[in-house]
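> Take this structure, written in structure tokens, and hold onto it; I'll ask about it next.
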Amino acid sequence: MADIDPVCGMTVKPESPYASDLDGAHYRFCSAKCKTKFDSEPRHYLDSEPLAPTIPASTEYTCPMHSEVRQIGPGTCPKCGMALEPVLPDLRQEDDNAEYKDFRRRFWTSLPLTAMVVVLAMAGHRFHGLPPASRTWVEMLLTAPIVLWAGAPFFIRCWQSLVHRSPNMWTLIGIGTGAAFAYSIVAALAPGLFPMSFEAHGRIGVYFEAAAVIISLTLLGQMLELRARSQTSAAIKSLLGLAPKTARRIKPDGSEEDVPLTLVHVGDSLRVRPGEKVPVDGEVVEGVSAVDESMLTGEPLPVTKRPGDKLIGATLNTSGSLMMRSEKVGAETVLSQIVQMVVQAQRSKAPLQRMADVVAGYFVVTVVGIALLSFFGWGLFGGERGWLFGLINAVSVLIIACPCALGLATPMSIMVATGKAATQGILFRDAAAIERLREIDTLIVDKTGTLTEGRPGFERAVAAAGSTEAEVLRLAASLDQGSEHPLADAIVRAARERGLVLDKADDFESSSGIGVRGAVGGRKLVLGNSVLMAQEGVDVTPMAEVAEQLRHSGASVMHLAAAGRLLGLLAVSDPIKASTPEALTVLRQAGLRVVMATGDGETTARAVGERLGIDEVHGEVKPADKLALVELLQKEGRVVAMAGDGINDAPALAKADVGIAMGTGTDVAMNSAQVTLVKGDLRGIARARVISAATVGNMRQNLVFAFLYNALGVPIAAGILYPTFGLVLSPIIAAAAMSLSSVSVVGNALRLRAS
326 MADIDPVCGM TVKPESPYAS DLDGAHYRFC SAKCKTKFDS EPRHYLDSEP
376 LAPTIPASTE YTCPMHSEVR QIGPGTCPKC GMALEPVLPD LRQEDDNAEY
426 KDFRRRFWTS LPLTAMVVVL AMAGHRFHGL PPASRTWVEM LLTAPIVLWA
476 GAPFFIRCWQ SLVHRSPNMW TLIGIGTGAA FAYSIVAALA PGLFPMSFEA
526 HGRIGVYFEA AAVIISLTLL GQMLELRARS QTSAAIKSLL GLAPKTARRI
576 KPDGSEEDVP LTLVHVGDSL RVRPGEKVPV DGEVVEGVSA VDESMLTGEP
626 LPVTKRPGDK LIGATLNTSG SLMMRSEKVG AETVLSQIVQ MVVQAQRSKA
676 PLQRMADVVA GYFVVTVVGI ALLSFFGWGL FGGERGWLFG LINAVSVLII
726 ACPCALGLAT PMSIMVATGK AATQGILFRD AAAIERLREI DTLIVDKTGT
776 LTEGRPGFER AVAAAGSTEA EVLRLAASLD QGSEHPLADA IVRAARERGL
826 VLDKADDFES SSGIGVRGAV GGRKLVLGNS VLMAQEGVDV TPMAEVAEQL
876 RHSGASVMHL AAAGRLLGLL AVSDPIKAST PEALTVLRQA GLRVVMATGD
926 GETTARAVGE RLGIDEVHGE VKPADKLALV ELLQKEGRVV AMAGDGINDA
976 PALAKADVGI AMGTGTDVAM NSAQVTLVKG DLRGIARARV ISAATVGNMR
1026 QNLVFAFLYN ALGVPIAAGI LYPTFGLVLS PIIAAAAMSL SSVSVVGNAL
1076 RLRAS
């Protein structure tokens, strides 16, 4: 029998490689090199203590943009320069997000220095006590730590992009800021090398403020991106954390012991007590109990489990004690498979699609080419001082191509839009969600917790002849006061909301899965399903038709009887949210195709679909089925959004073009989705689409401003107007143009507040 490595979930077979320990003992080890030791016989795990809380040496990292990039240990992607992240997060490792903390420290350290440099550059000539030359030196000293320390990671990425011949935004930022900084240093140290036409306010124009602003803006953008990306691993960690840490194993002699979950093997007998989570997947051997599987299946009502029924790991045993036999452990469990589906879905989807990145490679090559043409053109045909003018103009081209406005173009729109959305109860995780949401044409919705409230609610009581509805509810609630079952809680809560006076229940007895018995006011009562009624000899045929109608409407039906006579029925269901009908109407009017996919039975799903006017309904779907439905619709060319609130929705939320989580749902769902509706109101989707369309339009306008500035400024900086008009772009005009471009981008982004 094979062992399962508790660290990585891989199978360690008896024929796995062997090694010798320092004391000469032989052991097998995991093929993934997780350093998990097993002795020469299967089923004997040697290292019961978990590894130290550090990143294992074999942890594999990948790029969120290019999933084909894999390496052992952290680093940056050679193609796009993005920070690599673990393929699968390690629960034993503290989630300290070291890179985010590093960038945050660099940003907040450089921000005050950048502010001072900008003030000196824009209004320094007004400080009459500070000579122009001294002002240049002060700017240089303030800018040096910003560029050389705070911006060091960006220059490293720039160099990697050149080495790997993969030009990207880091190439542009590195070359632009490097050229601006180097040019300005030369201007500060040797101003006599420059023509008098380059002088303004008593000094040669410098670009220290451009380099500082670009570095600070880029650091801010990276901080926002890293915070958003950290939610990806948070979703997976939340899933991994659902499994209990220990299991109660029954020994061959009948005694019981609590053991780490890593020591549970296939075929072990386990005890699951009331209120405990099921440790692994398996089968009930002994006992009857109601198990809450809502987090994994979406079914809002507990499911009765009897000998022979299957159990899913991480679900909650609510009432009775169960003895089970483990059948799937480690990576074979349903929970582990959901984790793998979420990981694969997240990796298969490209992250933020910046419009600037699409043309960055071409733009970089074009700018460098123009700079070289300017240098050699002036050098060969510019006369006596041609090479000097060539050098100055080449550097000017690189300086004016600095992505200052380009760096502001998308972040400003995103920041304004996310702030506006938050005031309306809509939380966007990143810009990718904002860009994509306006394009969706198909919406898949879960039922439980999304269309409905997600918890059992009393629907109605139906009285038999000789009884009243109020009396049926009062007696049932009085009896149910001693039960911990969710259905009983719904009945008791409804009776108290109606002001009914409840009596004390005596001789209370619970028959797990079928109902309860007891005495209220001297009357012996029985409350439960038709199986319990048959045991008590109660004839339910007079109300059988009513009961069946209630079941077809999606309700769970309980019978109440006294002294062998049926008093009435009670229906408990998962009520539809008050906002759901209006939300679906608005979404249909917007042209969206609405599809419902739920883990509930087909009868319940169809009933809810009919009440809400949803024609396309899929019932009894598992997490993998929801994921497959998303993929099928995407293959048909649909742009799919998935709205859900449970753990069972996580793979589909991660795979969909846009995942939308209910803020009233689980953390796993919210961490897997790109959009969260704080109040769980589907009407927020329509509002979010309006914000998405306005934001994308604003971003495109900003990019036009930014690229238009470069398209006009770069040729002028190269000297294209000099042969005809004798004009060369002076530093002061370049600085003004750069400032005007940035101001136009910021002003345009702020218009989103009023849209």
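Here the working numbering is used: the first residue of the sequence shown is 326, the next is one more, and so on.
Virtual Cβ for every residue (Gly too), placed ideally from N, Cα, C.
Note that the structure is a prediction, hence the values are computed from the model and not measured.
(1) Excluding five sequence neighbours on each side, which residues of the same chain lie with their C-beta closer than 6 angstroms to the C-beta of D805?
(2) As a quick exercise: from H943, A719, R918 and G938, pick the residue whose alpha carbon is nearest that of G926.
(3) Helix, strand or coil for E611, going by three-state DSSP, please let me know.
(4) Using the beta-carbon count (16 or more within 10 Å), is R395 buried or exposed?
(5) How is the beta strand (DSSP E) around L752 delimited, first residue to last?
(6) With three or more beta-carbon pairs closer than 8 angstroms as the criterion, would you say the stretch 764-774 touches the stretch 965-985?
(7) State the Cα-Cα distance for the pair P403 and S491, rounded to the nearest angstrom.
(8) Within its chain, find whatever has a CB closer than 6 angstroms to the CB of A819; leave out the 5 residues flanking it on each side and keep chain order.
(9) Should the stretch 744-759 be called in touch with the stretch 868-880, which here means at least 3 C-beta pairs below 8 angstroms?
(10) Kindly list the residues whose CB is nearer than 6 angstroms to the CB of S1069, restricted to its own chain and excluding five residues on each side of it in sequence; keep chain order.
(11) Could you round the C-beta distance between I765 and V964 to whole angstroms and report it? I think they count as a contact, below 8 angstroms.
(12) Please go through the stretch 931-973 and give each complete beta strand (DSSP E) segment of 3 or more residues, from N-terminal end onward.
(13) Taking E861 and A886 to be in contact with their CB atoms under 8 angstroms, please state how far apart those CB atoms are, rounded to whole angstroms.
(14) Should I397 go down as buried or exposed, given a rule of 16 or more other Cβ atoms within 10 Å for buried?
(15) Considering only the alpha carbon of each residue, which of E611, K653 and T643 lies closest to D634?
(16) Would you check if there are 3 or more beta carbon pairs closer than 8 angstroms linking the stretch 975-990 to the stretch 1034-1054?
(17) Taking the continuous alpha helix (DSSP H) assigned at S435, which residues delimit it?
(18) Tell me whether the beta-carbon of I939 lies closer than 9 angstroms to the beta-carbon of V920.
(19) Taking 6 angstroms as the limit between beta carbons, can you name the residues of its chain near V787, skipping five residues before and five after?
(20) Report the rounded CA-to-CA distance for L1075 versus G744, giving the unit in angstroms.
(21) Below 8 angstroms, how does it come out for the stretch 791-800 and the stretch 946-956: are there three or more Cβ pairs, yes or no?
(22) Mind listing, in chain order, the continuous beta strand (DSSP E) runs of no fewer than 3 residues lying wholly within the stretch 855-899?
(23) Closer than 7 angstroms by C-beta to P604: which residues in its own chain qualify, once you throw out the five before and the five after it? Chain order, please.
(24) Going along the chain, which residues of its own chain have a beta-carbon closer than 6 angstroms to the beta-carbon of K653, five neighbours each way excluded?
(25) To the nearest angstrom, report how far apart T302 and I540 are at their CA atoms.
(26) Looking only at its own chain, which residues have a Cβ that is under 6 angstroms from the Cβ of T1001, when we skip the five neighbours before and after it?
(27) Using alpha carbons as the reference points, say which of V690, R823, R761 and Y425 lies closest to R785.
(28) One question on the structure: do S614 and T658 come within less than 9 angstroms of each other, judged by their Cβ atoms?
(29) Distance check for R431 and A377, CA to CA, integer angstroms please.
(30) Could you work out which residue in L542, L636 and V609 is closest to D617 when comparing CA atoms only?
(31) What residues match up with A572 in a beta bridge as DSSP calls it?
(32) With Q806 as the anchor, note down where its beta strand (DSSP E) starts and where it stops.
(33) Mind checking which residues open and close the alpha helix (DSSP H) that includes S459?
(34) Which of helix, strand or coil does DSSP assign to R353?
(35) Taking the beta strand (DSSP E) that S486 belongs to, which residues open and close that run?
(36) Just to check my reading of the structure: V882 and A896 have Cβ atoms closer than 8 angstroms, yes? What is that Cβ distance to the nearest angstrom?
Reading from the atomic positions:
(1) Within the sequence shown, residue 805 is the residue found at index 480, counting from 1. Excluding residues within five positions, the ones whose Cβ falls inside 6 angstroms are A813, I816 and V817.
(2) Indexing the sequence shown from 1 puts residue 926 at position 601. Measuring from the Cα of G926, the nearest candidate turns out to be H943.
(3) By 1-based counting over the sequence shown, the position of residue 611 is 286. It is a strand residue.
(4) Taking the first residue of the sequence shown as position 1, residue 395 is located at position 70. Answer is exposed; the Cβ neighbour count stays below 16.
(5) Within the sequence shown, numbered from 1, the residue matching residue 752 stands at position 427. From DSSP, the beta strand (DSSP E) with L752 extends over I751 to F753.
(6) yes
(7) As a working note, residue 403 is residue 78 in the sequence shown. As a working note, residue 491 is residue 166 in the sequence shown. Roughly 8 angstroms between the two C-alpha positions.
(8) Numbered from 1 along the sequence shown, position 494 holds the residue referred to as residue 819. Within the same chain, A819 has close Cβ partners F783.
(9) no
(10) Your numbering for residue 1069 matches position 744 in the sequence shown. The residues are F1030.
(11) Taking the sequence shown and counting its residues from 1, the one referred to as residue 765 is at position 440. Taking the sequence shown and counting its residues from 1, the one referred to as residue 964 is at position 639. Confirmed, Cβ separation roughly 5 angstroms.
(12) 941-943 and 965-969
(13) Position 536 of the sequence shown, counting from 1, holds the residue named residue 861. Position 561 of the sequence shown, counting from 1, holds the residue named residue 886. About 6 angstroms; that satisfies the 8 angstroms criterion.
(14) Sequence index remark: in the sequence shown, residue 397 carries index 72 (1-based). I397 comes out exposed.
(15) Translated into the one-based positions of the sequence shown, residue 634 becomes position 309. The candidate whose alpha carbon is nearest that of D634 is E611.
(16) no
(17) The count along the sequence shown starts at 1 and reaches residue 435 at position 110. Unbroken alpha helix (DSSP H) run through S435: A423 to A448.
(18) As a first step, residue 939 is located in the sequence shown; it is residue number 614 there, counting from the start. As a first step, residue 920 is located in the sequence shown; it is residue number 595 there, counting from the start. For I939 and V920, yes; Cβs fall inside 9 angstroms.
(19) Stepping through the sequence shown from its first residue, residue 787 is reached at position 462. The residues are V871, G893 and L894.
(20) Numbered from its first residue, the sequence shown carries residue 1075 at position 750. Numbered from its first residue, the sequence shown carries residue 744 at position 419. Near 11 angstroms, if we compare the C-alpha coordinates of G744 and L1075.
(21) no
(22) 881-887 and 890-898
(23) Position 279 of the sequence shown, counted from the first residue, corresponds to residue 604. If we look at P604 and ignore the five residues flanking it on each side, its Cβ neighbours are P569, A572, L586, V589, L595 and G638.
(24) Here residue 653 corresponds to residue number 328 of the sequence shown, with the count starting at 1. Excluding positions up to five away in sequence, the list reads D606.
(25) Because residue 302 is not part of the residues shown, which for the chain are 326 to 1080, the question remains open.
(26) Along the sequence shown, one-based indexing puts residue 1001 at 676. Taken in chain order, the residues that qualify are L752, A986, G988 and M995.
(27) Within the sequence shown, the letter at position 460 stands for residue 785. Residue R823 is the option with its Cα nearest to R785.
(28) As a first step, residue 614 is located in the sequence shown; it is residue number 289 there, counting from the start. As a first step, residue 658 is located in the sequence shown; it is residue number 333 there, counting from the start. Not a contact, by the Cβ cut-off of 9 angstroms.
(29) Numbered from 1 along the sequence shown, position 52 holds the residue referred to as residue 377. Numbered from 1 along the sequence shown, position 106 holds the residue referred to as residue 431. Note that A377 has pLDDT 30, beneath the 50 cutoff, so the model's placement of it is unreliable and no number is given.
(30) Sequence index remark: in the sequence shown, residue 617 carries index 292 (1-based). Of the candidates L542, L636 and V609, the one whose C-alpha sits nearest the C-alpha of D617 is L636.
(31) In the sequence shown, the residue the question calls residue 572 occupies position 247. A572 pairs with V584.
(32) Residue 806 sits at position 481 when you count from the first residue of the sequence shown. From DSSP, Q806 is part of no beta strand (DSSP E); its letter is neither H nor E.
(33) Residue mapping note: residue 459 aligns to position 134 of the sequence shown, counting from 1. Looking at the DSSP string, the run of the alpha helix (DSSP H) that includes S459 is P457 to P470.
(34) Position 28 of the sequence shown, counting from 1, holds the residue named residue 353. Low per-residue confidence applies at R353: pLDDT is 44, beneath 50, and the placement is therefore not dependable enough to give any value.
(35) Stepping through the sequence shown from its first residue, residue 486 is reached at position 161. Looking at the DSSP string, S486 is not in any beta strand (DSSP E); the run it does join, the alpha helix (DSSP H), is A477 to V488.
(36) Translated into positions along the sequence shown, residue 882 becomes position 557. Translated into positions along the sequence shown, residue 896 becomes position 571. Contact holds; Cβ gap of about 6 angstroms.
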